[in-house]
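This report concerns only the one structure given below.
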DNA sequence: ATTTCGACCGAATTTGGTTTTTGGTCGAAT
DNA sequence: ATTCGACCAAAAACCAAATTCGGTCGAAAT
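Residue numbers (our numbering), protein chains in the order written: chain A, 1 to 204; chain B, 1 to 204.
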């Protein structure tokens, strides 16, 4: 009795989630059925619907935890550095590593998805991307505001601040993309810091 | 007799090419058959193979001419501006406009392609992208070298030059991407110039 | 009251076999 | 040198039947 009282709903939820995450990573989203998830989690299919409204909700939640992990890692690494430039570089480095990891993850996930499922999935990814972007924005805004306070860079109006953040983020994304498509990891080690330096100088 | 001597092979080639281009843009690559191209060009299907080795070669050539057009437009617009910043902005503006246009073009082209055809087509696009990138690089390299000569920016070592060009290009690409996905055209009108300014200041 | 699950449903997907289409070849005609 | 009709193999489109899968519901278990 006491035992059961302790296994709260949220525990089961996270258990299902981590199980699903493992399966998605192994076989791709398109290849994992609710039946699979249920079996792997040690319950019947119907039971899943007691904890989640739909398959999409599960997948969404999995992506959400992955985002949180990345954001957490980013903040951790940045906090161990000091100075604007160092922190920018740390940010860029984590972002690059994570982009690499997640690329193979996504590729695996997309395996075995038809065109319809893929477009639906892309909608989902777009939503996730937006939420992720928002969190990244906040981190960078704080960083730049602090740097302006330290006189490391010039003072930025709210609009300028927003633009600067947007520039930095989308530029990084673009560079990551180009590098993973055509370049090498060593190239990233030079290009990303160089860009951070340029970015900082541009804001002085 | 004389008439026939004047209609050189290259004329027919370009005629076929422009016909194919029109059809591709109208119906999408996947929906245009060699028969269609031949009919539209006023000849039998077999005759196409006298001028081109394969359908892919035709498509490749079409993409190539499109790239040339964009590059030409870019150079034209840049030449009507003076000063590094102005030229950078012109470059960015053309790139953004063209990215918009070509996006709908690509989307149309991809219509009616199965997964296999799509992956083959993506390989092709990747190759085109690389060739395009090379031409863009040359333009920007020249621009930056000239700017360094004018003392508009600091002198750049070959490696730095390459990095700067790469940064600028992939950053632009990333910003275009982000804007077309989530932003507005007005946002581009502010963000792109702002980035050009930052880029220039970063190189001073 | 909370949690689990078997039975069930409709929509979507796979399957397997057939017919059509399509990129590409070849030899004859011009 | 250029064009084209006839032809081929492979890919794609098609289609009906069988199957799978996400999701629901009410009854049972705890």
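Think of the CB as a built atom: it goes at the ideal place given N, C-alpha and C, for glycine as much as any other residue.
- When DSSP states are grouped into helix, strand and coil, residue 157(B) belongs to the coil group.
- Judged by DSSP secondary structure, residue 187(B) falls within the alpha helix (DSSP H) whose first and last residues are 185-202.
- By the Cβ-count criterion, residue 151(A) is exposed, with fewer than 16 other Cβ atoms from all chains shown falling within 10 Å of its own Cβ.
- At a Cβ-Cβ threshold of 8 Å, residue 128(A) and residue 58(A) do not count as neighbours.
- One finds nothing in chain A with a Cβ atom closer than 9 Å to the Cβ of residue 141(B); even the nearest lies about 16 Å away.
- The beta carbon of residue 31(A) does not come within 8 Å of any beta carbon belonging to chain B, so the residue lies off that interface.
- Just so you know, the alpha carbons of residue 163(B) and residue 191(A) end up roughly 6 Å apart.
- In the DSSP assignment, residue 59(A) falls within the unbroken alpha helix (DSSP H) covering 55-79.
- Taking the Cα positions, residue 141(A) is about 21 Å away from residue 177(B).
- Membership of residue 46(A) in the alpha helix (DSSP H) is indicated by the continuous run 45-51.
- At a Cβ-Cβ threshold of 8 Å, residue 202(A) and residue 198(B) count as neighbours.
- Cβ atoms of residue 45(B) and residue 35(B) come within 8 Å of each other, at about 5 Å.
- The distance from the Cβ of residue 200(A) to that of residue 85(A) is about 5 Å, consistent with a contact at the 8 Å cut-off.
- Below the 9 Å Cβ cutoff, chain A contributes 126, 129, 130 and 133 as neighbours of residue 182(B), in chain order.
- Residue nearest to residue 125(A) within the set 98(A), 170(A), 158(A) and 64(A) is 64(A) (criterion: CA-CA distance).
- Close partners of residue 190(B) in chain A (Cβ separation under 8 Å): 163.
- Among the residues of the region 55-83 of chain A, none has a Cβ less than 8 Å away from any Cβ of chain B.
- Minimum Cα-Cα distance from residue 14(B) among the listed residues 41(B), 71(B) and 93(B) corresponds to 41(B).
- In this structure, 187(B) is the residue among 12(B), 187(B) and 103(B) with its C-alpha nearest to the C-alpha of residue 160(A).
- Residue nearest to residue 97(B) within the set 21(B), 179(B) and 123(B) is 179(B) (criterion: CA-CA distance).
- Non-local beta-carbon contacts of residue 169(A) in its own chain, meaning distances under 8 Å to residues more than five positions away in sequence, involve 133, 136, 137 and 140 in chain order.
- Counting along the chain, residue 32(B) sits inside no alpha helix (DSSP H), nor does DSSP assign it H or E at all.
- In this structure, DSSP gives residue 173(A) a helical state, which the three-state scheme calls helix.
- For residue 150(B), the three-state secondary structure derived from DSSP is coil.
- In the assembly as shown, residue 204(B) is an exposed residue. Its beta-carbon has fewer than 16 other beta-carbons within 10 Å.
- Among the residues of chain B, those whose CB is under 9 Å from the CB of residue 203(A) are 198, 201 and 202, following chain order.
- Contact with chain A is absent for residue 136(B), since none of that chain's Cβ atoms lies less than 8 Å from the residue's Cβ.
- Sorting 92(B), 99(B), 153(B) and 122(B) by C-alpha distance to the C-alpha of residue 195(B) places 92(B) at the top.
- Contact residues of the region 83-101 of chain A toward chain B are absent (C-beta to C-beta distance below 7 Å).
- Assignment of residue 83(B) by DSSP, reduced to helix, strand and coil, places it in the coil class.
- In summary, no residue of the region 11-41 of chain B has a CB separated from any CB of chain A by less than 9 Å.
- In this structure, residue 48(B) and residue 121(B) do not form a Cβ contact; the two beta carbons are roughly 19 Å apart against a cut-off of 8 Å.
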